[in-house]
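Notes follow once the structure below has been shown.
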Amino acid sequence: EDFNIEDYINYVLETPMMFLIHNQKHIPVPHLTFRQFMQHGYEGQPATLQDWHHMLTTIFPEARLKKCVEIRSIDRNPALFAMAIIALCKGILYSASNRKKIKEIFKLWHIQDLYKALEEASLNGLKTKTPSGLLLELAQEIYHLAYQGLISIQDKNFLEYLRPWLFEIKKNPAQFQITASKRLTYP
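All residue numbers for the sequence shown refer to the numbering used here, where the first residue is 4 and numbers rise by one.
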């Protein structure tokens, strides 16, 4: 609830580094956090702003701060689906009343509930049970809030791409892949 930019920076500083890039070479950096690297350097190399930018690209939380906020689960979706998710986020995040409503919806959730829902959604899609009910119902409610929060017709048109998935088909694209993979048999 109180997570802020300072907390995010501390999270990145305490994350173990994977490697450095110096003179166009990848140098493995075992068991060293970026904070330790800033304080002591590594093999005579002091930390640079370029190292910090590189570090920001090697951490993998769901939302990653770079020059923008990158929502990583959007990365591997078809363009129209990605644009719809961006419109959904915009409809929620750009509206103070919607941010307040989202906070209310998730007030009973604990971080463990979020991790559990993410894991179960990878198996059950929109049929996943959450503290707020079925994931499908939660997604439909958030869709309506986002639609109300959008001003631009273009943004609303992008968001409309989600409508048939949430209100007619009632499955997300991954559920089709899950179903198909369950039908496969391996020798």
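From the three backbone atoms N, C-alpha and C, an ideal C-beta is built for every residue, glycine too.
Computed from a predicted structure; not experimentally measured.
query	result
Three or more C-beta pairs below 8 Å linking the stretch 86-94 and the stretch 158-176	yes
At least 3 beta-carbon pairs within less than 8 Å: the stretch 174-185 vs the stretch 123-140	yes
Where residue 34 sits in the DSSP three-state scheme	coil
C-beta atoms of residue 75 and residue 65 nearer than 7 Å	yes
The stretch 47-65 / the stretch 125-144 touching (three or more Cβ pairs under 8 Å)	no
Pair within 7 Å by beta-carbon distance, residue 173 and residue 138	no
Check whether residue 169 and residue 142 have beta carbons under 7 Å apart	yes
Identified DSSP bridge partners for residue 23	30
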